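Number of protein chains: 2
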Amino acid sequence: MPHHFADRLLDACKTKGAPVCVGLDPVLERLPDAIDQSGPVAAIEAFCLGVIDAVAGVVPAVKPQSACFERYGAPGVAVYHRAVAHAKAAGLIVVGDAKRGDIGTSSAHYAHGLLADPHGCDSLTVNGYLGGDGIEPFQQVARAQGKGLFVLVRTSNPGGDAIQSLPLADGRTVSEAVGDVVAGLGADCVGESGYSNVGMVVGATKPEDAAKLRQRYPQQLFLVPGFGAQGGGAEDVRACFKPDGTGALITASRSVIYVSHEGNSTWQQVVEQAAIQLRDDVSEIMRV
Amino acid sequence: MPHHFADRLLDACKTKGAPVCVGLDPVLERLPDAIDQSGPVAAIEAFCLGVIDAVAGVVPAVKPQSACFERYGAPGVAVYHRAVAHAKAAGLIVVGDAKRGDIGTSSAHYAHGLLADPHGCDSLTVNGYLGGDGIEPFQQVARAQGKGLFVLVRTSNPGGDAIQSLPLADGRTVSEAVGDVVAGLGADCVGESGYSNVGMVVGATKPEDAAKLRQRYPQQLFLVPGFGAQGGGAEDVRACFKPDGTGALITASRSVIYVSHEGNSTWQQVVEQAAIQLRDDVSEIMRV
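Those protein sequences? They're chains B and C, same order as listed.
In this note's numbering, each residue carries its 1-based index in the first sequence increased by 161.
In this note's numbering, each residue carries its 1-based index in the second sequence increased by 161.
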C-alpha cells in the first residue's frame, strides 16, 4: 500500500518548515538574462530545472503550470514531463496544474497520461464541472498509487464569482455544490492525518468564502493560489488553515520565480531567497 | 479579416450535406487489426490519419480528443498536432476537444498553444467554470483569427446533473448561468449566419435541457456529443436544432470509428460507410 498522499504532503511541509509550494510558470519574456534564450523550449527547460534546484531544499512542493509548456506544442510538453521527473528526483512533491476534466472515459486517459506512475505527478488539479463521474477516473489512479487531487472549487480570479459564488435554491453556493461532490468522492480515502487524498483549489483572494469552505470541509486539503502577485494577503491566507495550522498548501509563482536581480547574486540565489521569504511569511502567518 | 468561424462551419455543413462531426478518440485496444500495433504511438497516428482520409469526403468536421493523445505523453501530443494538421490539409474543420480553462494568463498560453495559427485548430472546447476572464483569452485569439469556441454548458455524462442542472435562487440553472456568461462573451462576434463564433457544448442525452437552452441562446451553435454510443437518439438530437435545421453540430466517435469489420471491405471503407450513415441519419432527423 503506497503512503497516503495527504500524510506524505503534511510530513513534507513539517520537514521543510511551512506548507508552501512554488509555481513553475515559465514565460519566455520574463526569464533571467543569464539563461540562453536562443531556443525558447530549451530556455524554459533550463529555467525550470534551475528553479527546482534552487528551491528543493527550501519548500516541500512545486506546481508546474501545464499551459506554459503546452504553449510550445509537443516539445514544450516534453519539457513539462522532464521538469516533473527532475522535481520528483529532487524529493519534491509535484502538483501538476493541468485543470483537466472530461467525461469518464476521457478523464481516465488524462489520469493515465498525467497522474499515473511512472511518469505522472504526485497530484493533479482537476476541473469538476462535469460532476463526480468526470473526477472518479482520476481518483481511481490516485487511490491505487498514493496520489492526490485538487479539484477546482473557488478559484482566485475575479471572473469566478459570476459562477462559483451564485446562491442555489437550496441555500448552498455553486462552489459548495461542487465541493460536496468532491468531499463525497474523497470520503473513503482519508489518511492518518485526517485529510483525504482529494483536496480542493480555494483561492486566497476570497477569504470569506475560504473561511466557510474551511469549516464545511474538514477532511479536504486546500491548494491555495493567489498569494502575492494575485493580491491575496496574510489575512486571506489565514482563512484557509485550521486553528492547528494544517489544511492548506499556499502556492506562489510570479512572486518567487520572477524577482528582480540585484548585486552579485545569481538568479538562482535570488529565487532561493524568495522561496525562503515565502516559507517564512507563511510560517509567520500561521504563528499569529 | 478572416472568414467568420460560424459562417465557415455552416457553409461546410451545407456542402457536405449534414452538420456532423467525427470524433477522433484513438484507443489502442480498439484499433483495427490491419494497423501495425508494435508501437502504440505510431499505431494511433496511423489510425487517426486513416480515419481522416476515410471521412474527409463525407463530413464537414472532425474532433480529436486530446486526452487520448496525452495518454502517451509528448510523443502522443506530437501525434495530436500532426492529426490536426492532416485534417486541416484535407479541408476539414477541426474542433480540438481539450476542455481547457484556467485563470486569464494561463488560458492565454493554452489559446496560443492549441487554437492560434499556424498550428492551432479551427475551434476548441473550453471549460468555463472559472468564469468570463478565464474564457476571454481564448476568445481574443478566436476573434482575431476567424476561429471558434465551444464552452461546456450541459455535458452528456450522467454526473453532470449533480452540478449543471441545479436550480439557482434566481430561477436559472447552473448551466444557464454558465451559458449566460458564454453568450455575453460571444455577442459582439456574430457572423452573417446569425451565429456567434462562441458556441456551447450541449449533450444529446438531456433533451429537455437542450430544448430550453436552444430557445435561450439563439446566437450560439451547439456542439452535441452523446449521439450513438452514449445513448442519445434522434429525438434528443432534434432538440438541439432550430426549426430551420441550423444551430447544432452532432458529433459521434465510437459509433463511427470502431465498427465491426465484415466481408471484403477495408477498415477505412467501413469507417467511411459509418460516417455516411451518421450523415444520413442526421439529415433524416432534420427533415422530419
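Just so you know, even glycine gets a beta-carbon here, dropped at the ideal spot from N, CA and C.
Predicted model, so just to flag it, every value in this text is computed and none were measured.
Short CB-CB distance (under 8 Å) between residue i and chain B
i	result
residue 282 of chain C	no
residue 260 of chain C	yes
residue 267 of chain C	yes
residue 295 of chain C	yes
residue 371 of chain C	no
residue 225 of chain C	no
residue 393 of chain C	no
residue 385 of chain C	no
residue 164 of chain C	no
residue 305 of chain C	no
residue 419 of chain C	no
residue 362 of chain C	no
residue 219 of chain C	no
residue 234 of chain C	yes
residue 410 of chain C	no
Neighbour flag for residue i against chain C, beta carbons, 8 Å
i	result
residue 316 of chain B	yes
residue 264 of chain B	yes
residue 231 of chain B	yes
residue 322 of chain B	yes
residue 378 of chain B	no
residue 242 of chain B	yes
residue 110 of chain B	Lying outside 162 to 449, the shown extent of chain B, residue 110 of chain B is not represented and no answer is given.
residue 288 of chain B	yes
residue 247 of chain B	no
residue 184 of chain B	no
residue 329 of chain B	yes
residue 342 of chain B	yes
residue 238 of chain B	yes
Bridge partners - residue i, DSSP secondary structure assignment
i	result
residue 284 of chain C	C:256, C:309
residue 451 of chain B	Residue 451 of chain B falls outside the range modelled here, since chain B spans only 162 to 449, and no answer is possible.
residue 261 of chain C	C:287
residue 393 of chain B	B:388
residue 328 of chain C	C:334
residue 383 of chain C	C:361, C:409
residue 351 of chain C	C:357
Host alpha helix (DSSP H) of residue i (start-end)
i	result
residue 340 of chain B	335–347
residue 277 of chain B	Element bounds for residue 277 of chain B: n/a, residue is neither H nor E.
residue 176 of chain B	166–177
residue 413 of chain B	Segment 409–413 is the beta strand (DSSP E) holding residue 413 of chain B; no alpha helix (DSSP H) there.
residue 240 of chain B	234–250
residue 401 of chain C	Run containing residue 401 of chain C: none; DSSP gives neither H nor E here.
residue 431 of chain B	428–448
residue 292 of chain B	Note, residue 292 of chain B: premise wrong, no alpha helix (DSSP H); not H, not E.
residue 369 of chain B	368–377
residue 194 of chain B	Run containing residue 194 of chain B: none; DSSP gives neither H nor E here.
residue 218 of chain C	Careful: residue 218 of chain C lies outside any alpha helix (DSSP H) and carries neither H nor E.
Cβ-Cβ separation, residue j to residue i (assumed contact under 8 Å), whole Å
i	j	result
residue 377 of chain C	residue 340 of chain C	7 Å
residue 414 of chain B	residue 390 of chain B	7 Å
residue 310 of chain C	residue 359 of chain C	5 Å
residue 362 of chain C	residue 384 of chain C	5 Å
residue 352 of chain B	residue 242 of chain C	40 Å between Cβ atoms; not a contact.
Residue environment, residue i, which counts as buried when at least 16 other CB atoms sit within 10 Å
i	result
residue 334 of chain B	buried
residue 263 of chain C	buried
residue 169 of chain B	buried
residue 386 of chain B	buried
residue 162 of chain B	Any answer about residue 162 of chain B is weak, because its pLDDT of 49 lies below 50 and its placement is not dependable; what the coordinates show is given next. The residue in question, residue 162 of chain B, is exposed, as its Cβ has fewer than 16 Cβ neighbours within 10 Å.
residue 305 of chain C	exposed
residue 421 of chain B	exposed
residue 424 of chain C	exposed
residue 330 of chain C	exposed
residue 191 of chain C	exposed
residue 199 of chain C	exposed
residue 430 of chain C	exposed
residue 448 of chain B	exposed
residue 166 of chain B	buried
residue 175 of chain B	exposed
residue 308 of chain C	buried
residue 337 of chain B	buried
residue 279 of chain B	exposed
residue 403 of chain C	exposed
residue 194 of chain B	exposed
residue 379 of chain B	exposed
Where the beta strand (DSSP E) containing residue i begins and where it ends
i	result
residue 224 of chain B	222–225
residue 185 of chain C	181–185
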